[in-house]
Amino acid sequence: MSQLLTSNTAVYTGTFDPIHKGHLDLIERGSRIFDHVVIGVGINPDKSPFFAMEERVELIRAVIEPFPNVSVRGFSGLAVAFVREIGARVMLRGLRSASDMESEFTMSLMNLSLDPEIETVFLMAKEPYSHLSSTLLRQIATFGGRLEQFLPASVADALEHRVRDRQRS
Numbered sequence: 074m075s076q077l078l079t080s081n082t083a084v085y086t087g088t089f090d091p092i093h094k095g096h097l098d099l100i101e102r103g104s105r106i107f108d109h110v111v112i113g114v115g116i117n118p119d120k121s122p123f124f125a126m127e128e129r130v131e132l133i134r135a136v137i138e139p140f141p142n143v144s145v146r147g148f149s150g151l152a153v154a155f156v157r158e159i160g161a162r163v164m165l166r167g168l169r170s171a172s173d174m175e176s177e178f179t180m181s182l183m184n185l186s187l188d189p190e191i192e193t194v195f196l197m198a199k200e201p202y203s204h205l206s207s208t209l210l211r212q213i214a215t216f217g218g219r220l221e222q223f224l225p226a227s228v229a230d231a232l233e234h235r236v237r238d239r240q241r242s
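When we follow this note's numbering, the leftmost residue of the sequence shown carries the number 74, and every step to the right adds one.
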């Protein structure tokens, strides 16, 4: 990365397939807490993404323009290794529900075991976003449901186009 990151940099990792308003709320709130937030777009071997990593990075880049202290990068491998690679020491994570709490707690303990110098900071999802997941939004799009209340307009358009392309194949 060309810019020098400070110790007050947080990294928010995920697949973001697609990025939704709950993610953006967390990014906005994180950008007020930290000097810099890096969104790390990763690969989850247990998921089959609708969008290639490069497409997800570009969709995110377009919707984070209002946040001058937020950037986005793709990565492969362990999230904790990505955080270390870019020189940050904080992972930013969102919690939506009790089930999130359990899985995120387990993941944060594993990350702490892998790199004891990297801390995880959790932000609770705001109520209007506590039920959102990219998986559910892809399902809604597949069956022609309305997306504008959940996704930025450019992301909703891209998802609708992707669904149409998949249905033609």
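Where is the CB? At the ideal position from N, CA and C, for every residue including glycine.
The alpha carbon of serine 186 has as its nearest neighbour, out of Arg134, Met174, Val153, Asp98, the alpha carbon of Val153.
When the alpha-carbon of isoleucine 133 is set against those of Gly115, Asp119, Ser121, the nearest one is in Gly115.
Cα atoms of alanine 125 and arginine 237: separation of roughly 16 Å, rounded to the nearest angstrom.
Going by beta carbons, alanine 229 and leucine 220 fall inside the 8 Å limit.
Rounded to whole angstroms, the separation of the alpha carbons of glycine 87 and serine 149 is 11 Å. A contact between stretches requires three or more CB pairs, one per stretch, nearer than 8 Å, and the stretch 91-104 meets this requirement with the stretch 161-172.
Taking C-beta separations shorter than 6 Å and ignoring five residues to either side along the sequence, the partners of serine 181 in its chain run Thr193, following chain order. A buried status is given to glycine 113, since no fewer than 16 other beta-carbon atoms sit within 10 Å of its beta-carbon. Here the alpha carbons of lysine 199 and glutamate 127 stand approximately 28 Å from one another. By the C-beta density criterion, phenylalanine 223 is buried, having at least 16 other C-beta atoms within 10 angstroms. A direct Cα-to-Cα measurement between arginine 102 and arginine 239 gives close to 35 Å. According to the DSSP assignment, threonine 179 belongs to the alpha helix (DSSP H) that extends over 171-187. Only residues of its own chain outside the window of five on either side were considered, and among them Leu220, Leu232, Glu233, Val236 have a CB closer than 7 Å to the CB of alanine 214, listed in chain order. In this structure, DSSP gives glycine 95 a helical state, which the three-state scheme calls helix. Rounded to whole angstroms, histidine 109 and glycine 218 show a C-alpha spacing of 35 Å.
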